[in-house]
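Let me begin by presenting the structure, written as structure tokens, before commenting on it.
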Amino acid sequence: MSSSPTDVLVDVTMPQMGVSVAEGTVVAWRVEPGDRIEAEATIVEISTDKIDTEVPSPASGVVAEIIVPVGETVDVGTVMARIAVGDGAGAPRAQPLDGDTAGPPITETKSSIPTPTPAARNGNRRYSPVVQRIAAEHGIDLSQVPGTGRDGRVRKQDVLAFVEASPTEEPPLHIESPYRPEPVTPAPAPASPEIDGGGLSRMRRQIGEHMKRSLDTAATCTTWIEVDMSRVEAARARLGVTALAFVARASIDAIREHPALNAWLEGEKYTRHSDVNLGIAVSLGDDGLIVPVIPRAHELSVEGLAARVKDIARRARSRELTPDDVRGGTFTITNPGQYGSIMATPIINQPQVAILDLEAVIKRAVVVTDAAGNDSIAIRPMTILGLSWDHRALDGALSAQFLATIKRNLESVS
Amino acid sequence: MPTLTYLQAISSALRDELRADDRVLLMGEDIGVFGGAFKVTDGFVDEFGTDRVMDTPLAESGIIGTAIGAAVVGMRPVCEMQFSDFISCGFDQLVNVAGKMHYRQGLAVPITVRLPSGGGFSGGPFHSQNPEAWFMHSPGIKVVAPSTAEDAKGLLHAAIRDPNPVCYMEHKHLYRRVKGDVPSGVFETPFTARVAQPGSDLVVIAYGAMVPVALEAVSDGLDGASVEVLDLRSLVPLDEEAILDSVERCSKVVIVDEANATCAAGAQVAALIAEKGFESLDGPVIRVATPDVPIPFSPPLEQAVLPGVDRVREACRELLAY
Amino acid sequence: MTPGSDAEIPIGPRRKGIGEMATHMAEPAAGGADTAVEHLTVEDRIWLLRAMLLMRGLEERAMSLYRQGRVPGSFYDGYGQEAVSAGAAFAMGPEDRLCILHRDLAAHLIRGVTPSRILSQYMGRAAGITQGRDGNVHFGDRKLGCVGMVSMLPDMMLVATGMAMAFKLRGEKRCAMTWFGDGSTSRGDFHEAMNWAGVQKLPVVFVLENNQYAYSTPVDKQYAVDPVERAAAYGFVGVTVDGNDVEAMFEATREARERALSGDGPTLIEAVTMRMHGHAAHDDMKYVPKEQVEEWRKRDPIERQEARLREIGVDIDALRASIKAEIDAAAEEALAGPMPDPATAVDGVFCEGEAEPLGDGQAPWSGFSSTGGDA
Numbered sequence: 013m014s015s016s017p018t019d020v021l022v023d024v025t026m027p028q029m030g031v032s033v034a035e036g037t038v039v040a041w042r043v044e045p046g047d048r049i050e051a052e053a054t055i056v057e058i059s060t061d062k063i064d065t066e067v068p069s070p071a072s073g074v075v076a077e078i079i080v081p082v083g084e085t086v087d088v089g090t091v092m093a094r095i096a097v098g099d100g101a102g103a104p105r106a107q108p109l110d111g112d113t114a115g116p117p118i119t120e121t122k123s124s125i126p127t128p129t130p131a132a133r134n135g136n137r138r139y140s141p142v143v144q145r146i147a148a149e150h151g152i153d154l155s156q157v158p159g160t161g162r163d164g165r166v167r168k169q170d171v172l173a174f175v176e177a178s179p180t181e182e183p184p185l186h187i188e189s190p191y192r193p194e195p196v197t198p199a200p201a202p203a204s205p206e207i208d209g210g211g212l213s214r215m216r217r218q219i220g221e222h223m224k225r226s227l228d229t230a231a232t233c234t235t236w237i238e239v240d241m242s243r244v245e246a247a248r249a250r251l252g253v254t255a256l257a258f259v260a261r262a263s264i265d266a267i268r269e270h271p272a273l274n275a276w277l278e279g280e281k282y283t284r285h286s287d288v289n290l291g292i293a294v295s296l297g298d299d300g301l302i303v304p305v306i307p308r309a310h311e312l313s314v315e316g317l318a319a320r321v322k323d324i325a326r327r328a329r330s331r332e333l334t335p336d337d338v339r340g341g342t343f344t345i346t347n348p349g350q351y352g353s354i355m356a357t358p359i360i361n362q363p364q365v366a367i368l369d370l371e372a373v374i375k376r377a378v379v380v381t382d383a384a385g386n387d388s389i390a391i392r393p394m395t396i397l398g399l400s401w402d403h404r405a406l407d408g409a410l411s412a413q414f415l416a417t418i419k420r421n422l423e424s425v426s
Numbered sequence: 122m123p124t125l126t127y128l129q130a131i132s133s134a135l136r137d138e139l140r141a142d143d144r145v146l147l148m149g150e151d152i153g154v155f156g157g158a159f160k161v162t163d164g165f166v167d168e169f170g171t172d173r174v175m176d177t178p179l180a181e182s183g184i185i186g187t188a189i190g191a192a193v194v195g196m197r198p199v200c201e202m203q204f205s206d207f208i209s210c211g212f213d214q215l216v217n218v219a220g221k222m223h224y225r226q227g228l229a230v231p232i233t234v235r236l237p238s239g240g241g242f243s244g245g246p247f248h249s250q251n252p253e254a255w256f257m258h259s260p261g262i263k264v265v266a267p268s269t270a271e272d273a274k275g276l277l278h279a280a281i282r283d284p285n286p287v288c289y290m291e292h293k294h295l296y297r298r299v300k301g302d303v304p305s306g307v308f309e310t311p312f313t314a315r316v317a318q319p320g321s322d323l324v325v326i327a328y329g330a331m332v333p334v335a336l337e338a339v340s341d342g343l344d345g346a347s348v349e350v351l352d353l354r355s356l357v358p359l360d361e362e363a364i365l366d367s368v369e370r371c372s373k374v375v376i377v378d379e380a381n382a383t384c385a386a387g388a389q390v391a392a393l394i395a396e397k398g399f400e401s402l403d404g405p406v407i408r409v410a411t412p413d414v415p416i417p418f419s420p421p422l423e424q425a426v427l428p429g430v431d432r433v434r435e436a437c438r439e440l441l442a443y
Numbered sequence: 054m055t056p057g058s059d060a061e062i063p064i065g066p067r068r069k070g071i072g073e074m075a076t077h078m079a080e081p082a083a084g085g086a087d088t089a090v091e092h093l094t095v096e097d098r099i100w101l102l103r104a105m106l107l108m109r110g111l112e113e114r115a116m117s118l119y120r121q122g123r124v125p126g127s128f129y130d131g132y133g134q135e136a137v138s139a140g141a142a143f144a145m146g147p148e149d150r151l152c153i154l155h156r157d158l159a160a161h162l163i164r165g166v167t168p169s170r171i172l173s174q175y176m177g178r179a180a181g182i183t184q185g186r187d188g189n190v191h192f193g194d195r196k197l198g199c200v201g202m203v204s205m206l207p208d209m210m211l212v213a214t215g216m217a218m219a220f221k222l223r224g225e226k227r228c229a230m231t232w233f234g235d236g237s238t239s240r241g242d243f244h245e246a247m248n249w250a251g252v253q254k255l256p257v258v259f260v261l262e263n264n265q266y267a268y269s270t271p272v273d274k275q276y277a278v279d280p281v282e283r284a285a286a287y288g289f290v291g292v293t294v295d296g297n298d299v300e301a302m303f304e305a306t307r308e309a310r311e312r313a314l315s316g317d318g319p320t321l322i323e324a325v326t327m328r329m330h331g332h333a334a335h336d337d338m339k340y341v342p343k344e345q346v347e348e349w350r351k352r353d354p355i356e357r358q359e360a361r362l363r364e365i366g367v368d369i370d371a372l373r374a375s376i377k378a379e380i381d382a383a384a385e386e387a388l389a390g391p392m393p394d395p396a397t398a399v400d401g402v403f404c405e406g407e408a409e410p411l412g413d414g415q416a417p418w419s420g421f422s423s424t425g426g427d428a
């Protein structure tokens, strides 16, 4: 079959299979003239004094001509065959050639901004560096992303919207999780986790990686303090909210006094934040856990915090969180105490510098001192708050002061 | 906190430094009895005398050269070029003597050169230039360019107290048009960039007089897009971290400078972004600058070449749609 | 002879005559070598010879190192002009400040720069005064009150003027001095500095080192009127001195410094001399008539000072031997020193700490200890 005048001929040459290799022998052709061949499919087998190998086709098209017959030895670089590519290639194509289908017409604009050209290899479109990066991070096929930019160009916001709106894709959550949960109660039956040959789920693996990285990165220490929750218990019964909301509020107030705890440490760059974007660890049962963030939590009351915690937990478990919901946390609280445990050593949610652990509130016999200075033994609802902190960013004295401030705040709740 | 014009803020910094440090000395043409072409030093001779507010001969090379000499024997001279354009006459002293001194001999040259710059009022080709890039290309010279009254004072204090030659670009167009609260007394503004307005869809990077232009340009007409304005404040050193941080967050960049486009400060910023911010870009880096022509005199001609609100807004609009 | 009088000054055939007007306007140096003796002890006079011998010896050694391929770039020397820098620098006090030109090595030696550091400087070594950042005599030891020149001549005239301005503003009895050549007088900074110093009546000494050629350009293509005449036009004193007589050079500078310190303003000293080598090592100076060189060879400043001292019983041979030994040791030390670390090539463009002003230099003239100098 001959090539048409509009075809472009691509040479298949004897490859250099090593620095010292000067020639090679054709062992077998996998195609005959006229055959359709896809790029990267083996077209010929060759042999050199160093190696026997298969040569992949340099292009998709139709074999126009075989020049070097089997058994013949030729110099490196010799043209062994030619492949016709282009509209005139006679054989019907199984699929369009990449970058060769007609794209939407490009209209000339008067803009000084260059108009995207149709030269790209990926679905007719060029993608900006940031779009390609986001797509790679999220495993997105950009040809599936609708573009809203000029002439249908895929913009950053398009690919971000696509990431958010992909319910079937398990979102790759670039978060660090504070601890390894021991799920006691099954989560409200989400889809069964994706099992890869009986191994860990993707989320499980990611949590593991992030936890390990945090421990490898931070100089993690944990400090505990015991808190009398009598007043919190009374108040929460009255307001109908969880103890977590009070602890969250007390922590935010303590952060106001000790802003060093509301910070990021990235390498040697330490950044304090004025807003408290509070991460709350939410267990997803067998799937793992996620830390959605309540942005500007410092603006919320105890009741507001309780409502937001409830909302993000619900959305987390029903997989309704968007990427924005898990970004930007400046301080995290984990709350495994709901299952009865009394003490933990949480892992810091990088790049934050501390994480607070709330355990079960348990009635204990404690020594109390009345106003006149008399000691007596009383039954009080007590809890142990644990703070894991990064010794690179702060010291033990500050973490102890911070915990003491939370304790003072919780014990003075009205 | 008093409200000062940009010009009053400059005067305030000079006055505070003269009061605080005997080593500080102002040198320039017509700055003494007359108070300066722009009245920055109006009344200064009454308080500080003609030695410390020195009317010099009409000799720009002389002003820079003698300032260097005074600086290396312990003074802190602040030189005024009557117009920044005239620094071309003192270029050699600044670039070859002052700029290279510390590298060659470990000898610091703490001089500040005030350069009233910029166009917009029919100053013509010799009273309208923005020569900052000349000095960005010359090692050993710092270059700062305030856009607010507060920075005008804080950057001037920092420049005078810096042990190196500092070109202080004061934009004539801002002298009385820009006002703001300025802390009293001496305070030093670091030679870093400042987010003049936060945003996330696009960042306009500017300095000096182009900062208010950028802020006005993005204030409406962009369909509610969230546009950041980054005020560079310092050109040498250039705050790479702040620039790349804005680019990382916004992904689209318009760079505005009033100087002639080729090899301007904005060109350096664009090169930096191409080199270190490539992975964050979602569109071409767009520059708005004065074309490579002398600044013409007649208002319609001058307005045709200087970057204005409309050109900046149009660039933003196009890039946002990209 | 009567040093200091114009008639006795050996000038090059191409030097433009200063004419009748000039003779009236230019003030000859009042004293010259004869007066100088009143202010110089025998030790001082030996010091002057020592400085010139060291300069010549070091430059000859550097030239030899250059030919051995150990001196990068080009090489400039001041052969035959040693008296100009030696005599002038010798008159300066420790607190005075100097901007020294490239044919004035003796000034550095008088201020206290050691020979091994100078050879290290030529060879671009770490121990050089600029640690390899600049070459040749482009240096000034800031700790000794000196500022290194730049190649744009005479930029340092303005720097010296600025120093003098600061001294005057602060009411200090000190002066600044700088050297520059005949070619420099054509540039604008010459005018700006002369004018500025005249207007403000500053304590500055300008030494015009008229060595007949700016590279290959003779003085008659440089100026129409001898530049010393211009001093009067700027409102201060200009004197012409035999630049090959180190004691006359000293005396003229001493007087200029006194004038400066007593508030009488600047002085322009025109030191008439001859550049006996090419502009730099590569230059065979075939553009200079042989007779001119031969004429000037008879007026070698070192031989003249040696003759004077030999007359009063100084052992010149011993002096020469000790200087040779000093240079040998310096060369050995310099050659043993390391080259600068390439990792430091981008360091120090900006001053990161406090600006440290210039320090005081060495001032060996006995007159400072007896009169108290400016201390």
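Protein chains in written order, with the working numbering: chain A, 13 to 426; chain B, 122 to 443; chain C, 54 to 428. Using N, Cα and C, we set each Cβ at its ideal position, and we do this for glycine too. Remember, predicted model here, so these are calculated numbers, not experimental data.
C-beta neighbour in chain B for residue i, strict 7 Å
i, result
"N264 (chain C)", "no"
"F233 (chain C)", "no"
"S140 (chain A)", "yes"
"P280 (chain C)", "no"
"M392 (chain C)", "no"
Beta-bridge partners of residue i, as assigned by DSSP
i, result
"D279 (chain C)", "Note: D279 (chain C) sits in no beta bridge, so no partner."
"N381 (chain B)", "B:T411"
"P68 (chain A)", "A:T54"
"P27 (chain A)", "Per DSSP, none; premise fails for P27 (chain A)."
"F259 (chain C)", "C:T231, C:L321"
Inter-residue Cα distance where the pair is residue i and residue j
i, j, result
"I374 (chain A)", "A383 (chain A)", "25 Å"
"D434 (chain C)", "V194 (chain B)", "Because chain C here runs from 54 to 428, residue 434 (chain C) falls outside it and cannot be looked at."
"E356 (chain C)", "F192 (chain C)", "28 Å"
"P319 (chain C)", "A144 (chain C)", "15 Å"
"R197 (chain B)", "L146 (chain B)", "6 Å"
"F308 (chain B)", "L359 (chain B)", "21 Å"
"A416 (chain C)", "D97 (chain C)", "11 Å"
"E10 (chain A)", "S226 (chain A)", "Limits of chain A in this structure are 13 at one end and 426 at the other, which puts residue 10 (chain A) out of reach."
"I182 (chain C)", "I326 (chain B)", "43 Å"
Beta-carbon proximity list for residue i, same chain, < 6 Å, skipping 5 on both sides
i, result
"D176 (chain B)", "G153"
"I62 (chain C)", "Low confidence applies to I62 (chain C): its pLDDT is 45, below 50, so where it sits in the model is not reliable, and the reading given next is rough at best. Taken in chain order, the residues that qualify are D295, V325."
Cutoff 7 Å: residue i Cβ touching any chain C Cβ
i, result
"G211 (chain B)", "no"
"G190 (chain B)", "yes"
Cutoff 7 Å; reference residue i; Cβ partners in own chain excluding five residues on either side
i, result
"F455 (chain B)", "Residue 455 (chain B) is absent from the structure shown; chain B starts at 122 and stops at 443."
"F174 (chain A)", "I152, V157"
>> Measuring CB atoms only, is the segment 199-214 of chain C touching the segment 232-242 of chain C, in the sense that at least three cross pairs come out at less than 8 Å?
In response: yes
>> Under 7 Å, CB to CB, which of the residues in the segment 148-177 of chain A have a partner in chain D?
In response: Looking for chain D here will not work: the only protein chains present are A, B and C.
> Are the segment 240-256 of chain B and the segment 274-294 of chain B in contact at 8 Å, needing three or more beta carbon pairs?
Replying inline: yes
>> With three or more beta-carbon pairs closer than 8 Å as the criterion, would you say the segment 326-339 of chain C touches the segment 166-183 of chain C?
In response: no
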